[in-house]
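Peer 1: Here the protein sequences come in this chain order: A and B. The opening position of the first sequence corresponds to residue 1043 in the working numbering, with each subsequent residue numbered one higher. The opening position of the second sequence corresponds to residue 99 in the working numbering, with each subsequent residue numbered one higher.
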Amino acid sequence: MKTNNLLSNKYFVAALFLVPALFFALVYLIIPIPLSAYYSLFKWDGIGAMKFLGIDNWAQLFSDTVFWKSVINNFKLVAISLIIQIPIALFLAVLLTRQIKGINFFKTIFFIPMLLSSIAVAFLWRYMYDPTFGLINGILNLVGLGHLTQSWLGDSSIAFYAAAAPIQWRFIPLYMIIFMAAISGIPEQLYEAAEIDGANNWQIFFFVTLPMLRGTVINASVLIIVGSLKYFAMIYALTGGGPNHASELMATYLYTKSFTEMNMGYGSTVSVALFLIALIVSVLFLRFNKKDIRN
Amino acid sequence: MIIKKIKAALIYLFLLIWLIITGYPMIFLVQNSFKIKMEFFQKPVWSLPASFTIKNYLDVINSGFYIYFFNSIIVCFISVFLIIIVSSLASYAIARIDFKFNKIIYILFLAGMMIPIHSTLIPIYKITLSLGIYDRLSALIGPYVAFSLPISVFILTGFINDIPYELEEAAIIDGANRIRIFKDIILPLVKPAISTVAIYNLTLLWNSFAYALVLTSSPTKRILTLGLFEFQGQHGIDIPLTLTALFLSVLPLIILYVFLQEHIIKGMTAGALKG
């Protein structure tokens, strides 16, 4: 009888249903953020005693050229990913929503990179980039462009771009599928009307398809921006942030500081900075976006 | 007519170019996994293997690589199972029980999407140490469940909101309690959304890396991505052997994809489509 009473109390029932989720969220999502901020005030190797430093770590962060280089690289990755992934994914989606034969075959194969782990993609590309035995230099030599062969991941002036390429390769299929879904949701009548008005394919794309995809393109951009700011695994496995920090990202830097150099106090400082930068960019973008829609 | 044919040819040309960009690395991967080391270093990488040797495959399997598959399967399945239970319970409360804080709790969960995984690595490492589960597979389950919650709650709450309320009303009038209603009425109806959530999280966790890197250390506790990472560290010079391990590591999802293509594509893009 008593349990029945409790179960008819909606507050008790709501709590019962929410407690498991709140437990996981609290321990692993919410508490870690203030905890990181707290650790950032200490000198600490992760095991031994913590020594209070005050804001020393933060002062160091502001004059840390490697950190700022990683921030710039993260934003470069945002820009590269937006410029490459959205147009190519859009282009492929437009091609794949044409009524021509064999579309399913192409779609099936095109999606495969998304199935591979970042680590697998990183190693696959590392062997394609291999200066002596790799596919890319091999092909360049084969077609007589031997002078273009490079130590792709070893040369600090191009390593960052070489490391950014497989990220594009892996994620284009995701946005391709998203755009395909959005394109097939555009009402047929719009295209018919445009055709009756004598619009050519380009005009149809720019005046019908693209405006109708606006929301989807913005969504995809948000995902790319947020994703690129917190990127880690592929770069870590490809270059480890090197050579000489050329491909360093905030996440690889914080990992190296915390778990290789065991400087967890300073690693926490970088963690909090990463959190704040991702937060500020997301909020700014969402705000700008809201304004944009109202206009 | 001719213009139409040229257009079609152009479309196929572009599709073919992208087919090579996407597919050729995969062919490179498979064809070189069948070569022995000497052959790889002496002949061009695009040459077909002189004889299709499965020596590399045997070597990878004999090196104990299979344990990483088991570890990944165990961790991913337990995590996904927990994610489904925990997030559908929470979603039901948010969508259906009016407890005044519905909106705030919902927004709080969604805000979790903004948290970069890597900025939590140090505190979670520390929490794991104090819980005494460092270097155990169970150490991964907590963070996996937590980081899958926001998107799962988002998908499931949206889905439950779309279920007509009348279905529950009758049961409430009959005096059924909320737990029964959830179990007997809501859960069967949300099955499609649950399968989307399951596939989305399963593929994401299967390929995840950072937590396993930080929270486990002994070789027998490594999941597949970490196992591949360490295999490359040890055998990286033997390129065909490493390519074989790489190919084996991506095979499970590709096999799943062959059989459940539409479900996998739908599941993997769900987070992005609804987000």
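Note that CB positions come from ideal geometry on N, CA and C, so glycine has one too.
With burial defined as no fewer than 16 other Cβ atoms inside 10 Å of the residue's Cβ, what is the status of PHE1189 of chain A: buried or exposed?
Peer 2: The identity of residue 1189 of chain A in the sequence shown is His, whereas the question assumes Phe. Burial call: exposed.
Peer 1: Within 10 angstroms of the Cβ of THR318 of chain B, are there 16 or more other Cβ atoms? Answer buried if so, exposed if not.
Peer 2: Label assigned to THR318 of chain B: exposed.
Peer 1: Tell me the residue span of the alpha helix (DSSP H) that contains THR301 of chain B.
Peer 2: Residues 285-304.
Peer 1: Nearest chain B C-beta to LYS1052 of chain A closer than 9 Å, yes or no?
Peer 2: Yes, because at least one Cβ of chain B sits closer than 9 Å to the Cβ of LYS1052 of chain A.
Peer 1: Counting Cβ pairs closer than 8 Å, one from the stretch 1295-1305 of chain A and one from the stretch 1237-1249 of chain A, do we hit at least three?
Peer 2: No, they do not touch.
Peer 1: On the criterion of 16 or more Cβ atoms from any shown chain inside 10 Å, does LEU114 of chain B qualify as buried, or is it exposed?
Peer 2: Under this definition LEU114 of chain B is an exposed residue.
Peer 1: Grab the span of the alpha helix (DSSP H) containing SER157 of chain B for me, first residue to last.
Peer 2: Reading off the sequence shown, one finds Asp at residue 157 of chain B, where the question assumed Ser. ASP157 of chain B -> alpha helix (DSSP H) spans 153-158.
Peer 1: Would you report the Cα separation of ALA1235 of chain A and PHE1148 of chain A, rounded to the nearest angstrom?
Peer 2: Approximately 29 Å, taken between the alpha carbons.
Peer 1: Run through DSSP, which three-state label would PHE167 of chain B get?
Peer 2: In this structure, PHE167 of chain B counts as helix in the three-state DSSP scheme.
Peer 1: On the three-state DSSP scale, how would you describe LYS1118 of chain A?
Peer 2: LYS1118 of chain A: helix per DSSP, three-state reduction.
Peer 1: Determine whether the Cβ of TYR164 of chain B lies closer than 9 Å to any Cβ atom of chain A.
Peer 2: For TYR164 of chain B, the answer is no, since every Cβ of chain A falls outside 9 Å of its Cβ.
Peer 1: Tell me, to the nearest whole angstrom, how far the beta carbon of TYR1308 of chain A is from that of GLN1102 of chain A; I am working on the premise that it is less than 8 Å.
Peer 2: So it is a contact: roughly 7 Å between Cβ atoms.
Peer 1: Who are the Cβ neighbours of MET1156 of chain A in its own chain at under 6 Å, not counting the five residues just before and after it?
Peer 2: Closer than 6 Å at the Cβ level, and outside the excluded window around MET1156 of chain A, lie PRO1215 and LEU1216.
Peer 1: Checking 9 Å against the spacing of the C-beta atoms, do PRO248 of chain B and ALA308 of chain B come in under that value?
Peer 2: Cβ atoms of PRO248 of chain B and ALA308 of chain B: not closer than 9 Å.
Peer 1: Considering only C-alpha positions, which residue in the set B:LEU235, B:SER145, B:LEU187 and B:PHE112 is nearest to ILE165 of chain B?
Peer 2: Considering only alpha carbons, the answer is B:LEU235.
Peer 1: Can you check which of these residues, A:LEU1291, A:ALA1056, A:ILE1154 and A:ALA1201, is closest to LEU117 of chain B by C-alpha distance?
Peer 2: Of A:LEU1291, A:ALA1056, A:ILE1154 and A:ALA1201, the residue nearest in Cα terms is A:ILE1154.
Peer 1: Is there contact between the stretch 1288-1295 of chain A and the stretch 1314-1328 of chain A, where contact requires at least three CB pairs shorter than 8 Å?
Peer 2: Yes, since at least three Cβ pairs between the stretch 1288-1295 of chain A and the stretch 1314-1328 of chain A fall closer than 8 Å, the two stretches touch.
Peer 1: Any contact between the stretch 292-302 of chain B and the stretch 355-362 of chain B? By contact I mean 3 or more CB pairs, one from each, below 8 Å.
Peer 2: Verdict: yes, contact present.
Peer 1: Using 9 Å as the threshold, is the C-beta distance between VAL158 of chain B and TYR242 of chain B below it?
Peer 2: No, the pair does not count as a contact, with Cβ atoms beyond the cut-off.
Peer 1: In three-state DSSP terms, what is PHE1175 of chain A?
Peer 2: PHE1175 of chain A: coil per DSSP, three-state reduction.
Peer 1: Going by DSSP, what residues sit across from PHE112 of chain B in a beta bridge?
Peer 2: Partner(s): none; PHE112 of chain B has no beta bridge.
Peer 1: Could you check whether SER1310 of chain A and TYR1169 of chain A sit closer than 9 Å to each other, using their CB atoms as the reference points?
Peer 2: For TYR1169 of chain A and SER1310 of chain A, no; Cβs fall outside 9 Å.
Peer 1: What three-state label does DSSP hand PHE1317 of chain A in the structure shown?
Peer 2: Correct three-state label for PHE1317 of chain A: helix.
Peer 1: PRO1129 of chain A CB to nearest chain B CB: under 9 Å?
Peer 2: It does not: the Cβ of PRO1129 of chain A has no partner Cβ on chain B nearer than 9 Å.
Peer 1: Given a limit of 8 Å on CB to CB distance, which residues of the stretch 217-232 of chain B reach chain A?
Peer 2: So the list reads SER217, THR218, LEU219, ILE220, PRO221, ILE222, TYR223, LYS224 and ILE225, given in the order they occur along the chain.
Peer 1: So, are the CB atoms of ILE258 of chain B and ALA193 of chain B less than 9 Å apart?
Peer 2: Closer than 9 Å, so yes.
Peer 1: Given that PRO1229 of chain A touches chain B, what residues does it touch there, using C-beta distances under 8 Å?
Peer 2: Within 8 Å Cβ-Cβ: nothing; PRO1229 of chain A doesn't reach chain B, min ~19 Å.
Peer 1: Under the assumption that ILE1266 of chain A contacts THR1251 of chain A (Cβ atoms under 8 Å), give the Cβ distance between them as a whole number of angstroms.
Peer 2: Between THR1251 of chain A and ILE1266 of chain A the Cβ distance is about 20 Å, and since that is not below 8 Å, they are no contact.
Peer 1: Which residues in the same chain have their Cβ closer than 8 Å to the Cβ of ILE101 of chain B, if we skip the five residues on either side of it in sequence?
Peer 2: Closer than 8 Å at Cβ, skipping near neighbours: no residue.
Peer 1: With contact counted as at least three CB pairs below 8 Å, one residue from each stretch, are the stretch 1255-1274 of chain A and the stretch 203-217 of chain B in contact?
Peer 2: Because the criterion of three Cβ pairs below 8 Å is met, the stretch 1255-1274 of chain A and the stretch 203-217 of chain B touch.
Peer 1: Check whether chain B comes within 9 Å of TRP1194 of chain A, counting only Cβ atoms and requiring the distance to be less than that.
Peer 2: It does not: the Cβ of TRP1194 of chain A has no partner Cβ on chain B nearer than 9 Å.
Peer 1: Output yes if chain B places a C-beta closer than 9 Å to the C-beta of ASP1087 of chain A; else output no.
Peer 2: No, ASP1087 of chain A does not count as interfacial toward chain B.
Peer 1: So, at 8 Å on beta carbons, what are the nonlocal neighbours of ARG1212 of chain A in its own chain, with the 5 sequence-adjacent residues on each side left out?
Peer 2: Closer than 8 Å at Cβ, skipping near neighbours: PRO1155, MET1156, LEU1158, SER1160, VAL1163 and MET1276.
Peer 1: Does DSSP put PHE307 of chain B in a helix, a strand or coil?
Peer 2: In this structure, PHE307 of chain B counts as coil in the three-state DSSP scheme.
Peer 1: May I have the straight-line CA-CA distance separating ARG276 of chain B from TYR204 of chain B, to the nearest angstrom?
Peer 2: Cα to Cα, the separation comes out at about 19 Å.
Peer 1: For chain B, is any of its Cβ atoms less than 9 Å away from the one on PHE1202 of chain A?
Peer 2: False, the Cβ-Cβ gap to chain B never drops below 9 Å.
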